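Line by line, the protein sequences are chains P and C. Counting with the working numbering, you get residues 469 to 867 for the letters of the first sequence. Counting with the working numbering, you get residues 117 to 248 for the letters of the second sequence. Beta carbons: idealized from backbone N, C-alpha and C, even for Gly. Note that the coordinates shown come from a computational prediction; the quantities given were computed from them, not determined experimentally.
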Amino acid sequence: MGVTKIVEIPVVTTEVPVGPQHPALHEPLLLKVYAEGEEVVKVEVNTGYNHRGIEKLCERNTFYRDIFVVGRVCGICNAVHANCYVRALEQLLDLHPNKRAQYLRVLAMELERVHSHMLINAVMAEIVGFETLFMQIMLDRERVMKAKEILTGGRVLADYMMVGGVRRDIDEEKRQRIRELLLKLKPRVEYYRKVFEEDETIVKRLEGVGRISYSEATSHSLVGPTARGSGVKIDSRVSDKYDAYGEIPFNLVTRSEGDSWARMMVRWDEALESIEMNIYILEHLPSDGNPVPDERRLPRRFPPGEAYTRVEAQRGELTYYVMSDGKGQNPYRVKIRTPSFNNIINSAFMYIGYSLADVPVMLTSLDPCISCMERVTVIDLEKNTRYRLDLKQLAGGKL
Amino acid sequence: MKRPRLLGLVLKNLVSKPATIQYPRVKTPVEPDFRGVQYADLGKCTGCSLCAIECPADAIKMTPIPPEYEVPKTNPRRIYPLINYGKCVFCYRCVKVCPTNAYIATNKYDIAGVSRLTSEAFSLTTLRRVGS
Chain P
469 MGVTKIVEIP
479 VVTTEVPVGP
489 QHPALHEPLL
499 LKVYAEGEEV
509 VKVEVNTGYN
519 HRGIEKLCER
529 NTFYRDIFVV
539 GRVCGICNAV
549 HANCYVRALE
559 QLLDLHPNKR
569 AQYLRVLAME
579 LERVHSHMLI
589 NAVMAEIVGF
599 ETLFMQIMLD
609 RERVMKAKEI
619 LTGGRVLADY
629 MMVGGVRRDI
639 DEEKRQRIRE
649 LLLKLKPRVE
659 YYRKVFEEDE
669 TIVKRLEGVG
679 RISYSEATSH
689 SLVGPTARGS
699 GVKIDSRVSD
709 KYDAYGEIPF
719 NLVTRSEGDS
729 WARMMVRWDE
739 ALESIEMNIY
749 ILEHLPSDGN
759 PVPDERRLPR
769 RFPPGEAYTR
779 VEAQRGELTY
789 YVMSDGKGQN
799 PYRVKIRTPS
809 FNNIINSAFM
819 YIGYSLADVP
829 VMLTSLDPCI
839 SCMERVTVID
849 LEKNTRYRLD
859 LKQLAGGKL
Chain C
117 MKRPRLLGLV
127 LKNLVSKPAT
137 IQYPRVKTPV
147 EPDFRGVQYA
157 DLGKCTGCSL
167 CAIECPADAI
177 KMTPIPPEYE
187 VPKTNPRRIY
197 PLINYGKCVF
207 CYRCVKVCPT
217 NAYIATNKYD
227 IAGVSRLTSE
237 AFSLTTLRRV
247 GS
């Protein structure tokens, strides 16, 4: 029986909202995914569900109160946020903390990097379908949280940075305890890295999914492990050598594959590097004076000036711009640019051509931190409207 | 490709003790210098209000001390910092900026509940009642 008539069914693009509640991660972000059949043809990134007006809040508070305000921009990267802001204040005041304080700052930030990378790898295991692996990684992550609690006094929120140093010193007993915790953690991280490298299901699910080439990563200004997974050698720790990073040996981890699997492997390798760095710091901690400044005697007045600092947060380059007009005790302007802002908003091109089921995996592999990036919604009080600006307009284009 | 390496771990965990802590019945172990509930020792507090000015969360309100308490002469205005633990972010800025080191830092962390939501009960126990 031959074909008598061919009827063409027009392909209709289906709009699938991924989020804003729980889009793979427990954070509010809306991905409007347009699909033809199973294939993704277009993705719109819709943000603004978590805007809290932190930058305006910084202008209304004093320089010192802001140290704790910026620590609350994002829970999982609070030490790097505070470090970046505190270094901006130190630039304004022309203060230089001593070596011990710089080493302790790096220790706090690297502990944070270990637990952040372990968290996103655990979430990735959950997305892939390995709930047991998720729980195992989270259980071992508790060791880092304990180390951070010993060092800073808080499991998550460190509140560890202060102008001119850190807020707590460590003694010999604490040093040994943190070292032991890290030495116990290291084989576990090596084991999980091996699981991600060798397990058939994980590799099949992640390999070749969400490929970003070197030129795409640079042209879309992606930062952090997302760019390093595509072979881009970008790391502020290496290029700036701020705090004690110039003296602590570590390797810049890059991979050439550029897919979701490469990004997760970069994170495991970096977690291992961070553990090594922490053990090095604990063994070579200099003792050139007291790292804890007296918070009552810090300068109250800030000279007029501007400071622009950057740190390598867990998700990439984080920059702070702080402006002081020298008149009051409040900063005139604090501008925060977080790595997730670049990585999430600029990466809509990545999803195209893959199937709908790959979207959560690709989103997770970018390690989005939504509460970091929500600072672009404009609220017009006169007209009582809210609207968002794109990057071109934010950079000085017409409103 | 090798065989999955997770199976041994799963089997080991089937026979080992659970890692979960039954929190309200079993206390979570915390460090002695964990940043927990803090309150002012009113024997030392001078009522200078610096902690209330410096608090990033505006959780501290300077409050008059009730007349039935004996207040040291160093506190002529008879006011003390009342911390609202619902607002407090436990950054310990108040502990560090206090000029008389009047703050008592504890590692108490289980503050969820309906009573003791402020530092009133903690702080006033550091004072003697009139006539006692």
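| query | Just by C-beta distance, which residues in the segment 172-205 of chain C are closer than 9 Å to chain P? | reply | Of all residues in the segment 172-205 of chain C, P172, A173 and V205 have a Cβ within less than 9 Å of some Cβ in chain P.
| Based on the DSSP secondary-structure assignment, which residues constitute the bridge partners of S823 of chain P? | Here residue 823 of chain P corresponds to residue number 355 of the first sequence, with the count starting at 1. P:E507.
| field | Cβ-Cβ separation, V779 of chain P to S704 of chain P (assumed contact under 8 Å), whole Å | value | Numbered from its first residue, the first sequence carries residue 704 of chain P at position 236. Numbered from its first residue, the first sequence carries residue 779 of chain P at position 311. Right, the Cβ-Cβ distance comes to about 6 Å (below 8 Å), so this counts as a contact.
| Where does E684 of chain P sit, in a helix, a strand or coil, going by DSSP? | The residue labelled residue 684 of chain P in the question sits at position 216 within the first sequence. Note: E684 of chain P maps to helix in three-state DSSP.
| request: Specify the secondary structure class of G865 of chain P as computed by DSSP and reduced to three states. | output: Residue numbering aside, residue 865 of chain P sits at position 397 when the first sequence is read from its first letter. At G865 of chain P, the pLDDT of 48 sits below 50, so the modelled position is not reliable; the number obtained from the coordinates is stated separately. DSSP, read as helix, strand or coil, puts G865 of chain P in coil.
| query | Which one or two residues does DSSP pair with Y936 of chain P in a beta bridge? | reply | This structure does not reach residue 936 of chain P, given that chain P is present from 469 up to 867, and the question cannot be answered.
| query | Can you tell which of C:V213, C:N129, C:G247 and C:S239 has its C-alpha closest to the C-alpha of I195 of chain C? | reply | On the second sequence, position 79 is the one that residue 195 of chain C refers to. If we check each option's Cα against that of I195 of chain C, C:S239 comes out closest.
| Under 8 Å from the C-beta of N566 of chain P: neighbouring residues of chain C | Numbered from 1 along the first sequence, position 98 holds the residue referred to as residue 566 of chain P. Those within 8 Å of N566 of chain P in chain C number zero; the least Cβ separation is about 18 Å.
| message | Check this for me: beta carbons of C171 of chain C and R141 of chain C, under 8 Å apart or not? | response | As a working mapping, residue 171 of chain C is identified with position 55 in the second sequence. As a working mapping, residue 141 of chain C is identified with position 25 in the second sequence. Going by C-beta atoms, C171 of chain C is not nearer than 8 Å to R141 of chain C.
| Which value, in whole angstroms, describes the spacing of the CA atoms of R673 of chain P and I716 of chain P? | Your numbering for residue 673 of chain P matches position 205 in the first sequence. Your numbering for residue 716 of chain P matches position 248 in the first sequence. The straight-line gap separating the alpha-carbon atoms of R673 of chain P and I716 of chain P is approximately 36 Å.
| query | Closest Cβ-Cβ distance between K133 of chain C and chain P: below 8 Å? | reply | Counting from one through the second sequence, the residue named residue 133 of chain C turns up at place 17. No, K133 of chain C does not count as interfacial toward chain P.
| said: Cβ closer than 9 Å: which chain C residues qualify as neighbours of R529 of chain P? | reply: In the first sequence, counting from the first residue as 1, residue 529 of chain P sits at position 61. Residue 529 of chain P is actually Asn in this sequence, not Arg. Near N529 of chain P (Cβ distances below 9 Å), the residues of chain C are P172.
| What is the rounded straight-line gap between the Cα of R643 of chain P and the Cα of L619 of chain P? | Stepping through the first sequence from its first residue, residue 643 of chain P is reached at position 175. Stepping through the first sequence from its first residue, residue 619 of chain P is reached at position 151. Near 8 Å, if we compare the C-alpha coordinates of L619 of chain P and R643 of chain P.
| query | Are T832 of chain P and A492 of chain P touching if we call contact CB-CB under 8 Å? | reply | Counted from its first residue, the first sequence places residue 832 of chain P at position 364. Counted from its first residue, the first sequence places residue 492 of chain P at position 24. In contact: T832 of chain P and A492 of chain P (Cβ atoms closer than 8 Å).
| query | Are I595 of chain P and R735 of chain P closer than 8 Å when you measure CB to CB? | reply | In the first sequence, counting from the first residue as 1, residue 595 of chain P sits at position 127. In the first sequence, counting from the first residue as 1, residue 735 of chain P sits at position 267. Against a cut-off of 8 Å, the Cβ pair of R735 of chain P and I595 of chain P comes out as no contact.
| said: For V230 of chain C and K143 of chain C, what's the separation of their Cα atoms in angstroms? | reply: Taking the first residue of the second sequence as position 1, residue 230 of chain C is located at position 114. Taking the first residue of the second sequence as position 1, residue 143 of chain C is located at position 27. Taking the straight line joining both Cα atoms gives about 19 Å.
| Interface residues of chain P around P215 of chain C at Cβ under 8 Å? | Residue numbering aside, residue 215 of chain C sits at position 99 when the second sequence is read from its first letter. Here the neighbours are R764.
| query | What span of residues does the alpha helix (DSSP H) with A695 of chain P cover, start to end? | reply | Taking the first sequence and counting its residues from 1, the one referred to as residue 695 of chain P is at position 227. DSSP places A695 of chain P inside the alpha helix (DSSP H), whose first and last residues are P693 to R696.
| Is there at least one Cβ from chain C nearer than 8 Å to Y800 of chain P's Cβ? | Stepping through the first sequence from its first residue, residue 800 of chain P is reached at position 332. Not an interface residue.
| query | At what residue ranges does the segment 534-597 of chain P contain a whole run of the alpha helix (DSSP H), taking only runs of 4 or more? | reply | Every alpha helix (DSSP H) stretch that sits fully inside the segment 534-597 of chain P and reaches 4 residues is listed by chain position as 546-561 and 567-596.
| field | For K224 of chain C, the three-state DSSP class (helix, strand or coil) | value | Position 108 of the second sequence holds residue 224 of chain C. Reduced to three states, the DSSP call for K224 of chain C is coil.
| message | Considering Cα atoms alone, identify which of P:L563, P:A550, P:R623 and P:E641 is closest to F770 of chain P. | response | Taking the first sequence and counting its residues from 1, one reaches residue 770 of chain P at position 302. Measuring from the Cα of F770 of chain P, the nearest candidate turns out to be P:L563.
| 8 Å Cβ cut-off: residues of chain P touching V126 of chain C | Residue 126 of chain C sits at position 10 when you count from the first residue of the second sequence. Those within 8 Å of V126 of chain C in chain P are T600.
| Under a three-way DSSP split, which group does T234 of chain C fall into? | For the purposes of this step, residue 234 of chain C is identified with residue 118 of the second sequence, where counting begins at 1. Three-state result, T234 of chain C: strand.
| query | Closer than 9 Å, Cβ to any Cβ of chain C: which residues of the segment 530-541 of chain P, in chain order? | reply | If the cut-off is 9 Å between Cβ atoms, the segment 530-541 of chain P has T530, Y532, R533, D534, I535, F536, V537, G539 and R540 near chain C.
| request: Kindly confirm or deny that the segment 497-511 of chain P and the segment 808-825 of chain P touch, where touching means at least three C-beta pairs closer than 8 Å. | output: With three or more CB-CB distances shorter than 8 Å, the segment 497-511 of chain P counts as touching the segment 808-825 of chain P.
| field | Which of helix, strand or coil DSSP assigns to V724 of chain P | value | One-based indexing of the first sequence puts residue 724 of chain P at position 256. Just to set this straight, residue 724 of chain P is Ser in the shown sequence, not Val. When secondary structure is reduced to three states using DSSP, S724 of chain P falls in the coil class, being assigned neither helix nor strand.
| Of the residues P:E610, P:R573, P:K500 and P:K524, which one's Cα is nearest the Cα of P488 of chain P? | Locating residue 488 of chain P in the first sequence gives position 20, where the first residue counts as 1. The option with the nearest alpha carbon to P488 of chain P is P:K500.
| task | Following the continuous alpha helix (DSSP H) through E763 of chain P, name the residue where it begins and the one where it ends. | result | For the purposes of this step, residue 763 of chain P is taken as residue 295 along the first sequence, with counting starting at 1. If you look at E763 of chain P, you'll find it isn't in any alpha helix (DSSP H); DSSP assigns it neither H nor E.
| Using the beta-carbon of each residue, which ones in chain C are nearer than 7 Å to Q604 of chain P? | Your numbering for residue 604 of chain P matches position 136 in the first sequence. Simply L125.
| Identity of the residue in P:G622, P:K616 and P:I605 nearest P655 of chain P by Cα | Here the question's residue 655 of chain P lines up with position 187 in the first sequence. Ranking P:G622, P:K616 and P:I605 by Cα distance to P655 of chain P puts P:I605 first.
| Which whole-angstrom value describes the C-beta separation of L497 of chain P and I838 of chain P, a residue pair presumed to lie in contact below a C-beta threshold of 8 Å? | As a working note, residue 497 of chain P is residue 29 in the first sequence. As a working note, residue 838 of chain P is residue 370 in the first sequence. The Cβ separation is near 5 Å, so the contact holds.
| Supposed close pair V484 of chain P, A503 of chain P - CB separation, criterion 8 Å | Translated into positions along the first sequence, residue 484 of chain P becomes position 16. Translated into positions along the first sequence, residue 503 of chain P becomes position 35. At roughly 6 Å, the Cβ-Cβ gap stays under 8 Å, so V484 of chain P and A503 of chain P are in contact.
| request: Name the one or two DSSP bridge partners that I716 of chain P has. | output: Numbered from its first residue, the first sequence carries residue 716 of chain P at position 248. Its beta-bridge partners do not exist; DSSP assigns none.
| query | Which runs of the beta strand (DSSP E) spanning at least 3 residues fall entirely within the segment 171-220 of chain C, listed in chain order? | reply | Runs of the beta strand (DSSP E) inside the segment 171-220 of chain C: 176-180 and 195-199.
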